Every structure is written in structure tokens, then in C-alpha cells.
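In our numbering, the protein residues as written are 45 to 165. Note that beta-carbon positions come from the ideal geometry of N, C-alpha and C, so glycine has one too. For clarity, every value in this text was computed on a predicted model and none was experimentally measured. Below is one structure, written out as C-alpha cells; comments come after it.
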């Protein structure tokens, strides 16, 4: 009995992780959609009615890209598109393997379209 219960808990919590140190730095849309755990709309609320930023995140749902925060004493989820977070997803990009500008434009040796997100090797 203990093994299935442990497995069930692990499966339920695998897509939702604790958001240690994660904060909402800015609201990017107005109004902001307040969502339930499945991403369904509860209501829309004006940015001016939300708590001041930075706002501590309670949890992060990686599958739905939702962040859980406390608004007016109630835990709700916000869409990751509606907020700017203190930590974002990063993808390491080795600059050496990315396409470079052509030789005839030797004064501009930038990587095409990758900019500062490119990991220097």
C-alpha cells in the first residue's frame, strides 16, 4: 500500500515544483488573469488591484508555465506570459557552432540572431 501511495504523490507533484527564491518582478499585461491549478480562468483583475512587486512566488508549474502567488489572502495562479519573473529559463548555446557572419563583412563578427544569450566558448 505504501509503494502505490508514494508513486501517486510523486506523479502528482512532478509537474509542480517549489519556487525557492522566485519572485514576480513586474506585471506585463493589464488586466491580469487569475487562474486555477489547471489554468482555467477564475477572473481578470486590474494591475492596480494586485499586490506590489516584487511578489514572492509559492510554486511554479513547469508543464503549464504558471506561477502561484497570494492575492488578497487567496492562492491563485498567474500565467507566465502575464508576469516578468526574477529567474527565467536559460538555454546554453555554444557560440563556436552557431553560424557566423560572412567573411566579406569581416568588421561584423557577430553570431546571427543569438546575441547575449550565446554562451561564450
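Here DSSP, grouped into helix, strand and coil, assigns residue 109 to coil. DSSP lists 100 as the bridge partner or partners of residue 67. Between the alpha carbons of residue 80 and residue 94 lies a distance of about 16 Å. With contacts defined as CB atoms closer than 9 Å, residue 111 and residue 103 qualify as a contacting pair. Within the model, the alpha-carbon separation for residue 83 versus residue 98 is close to 22 Å. The C-alpha of residue 66 lies about 22 Å from the C-alpha of residue 90.
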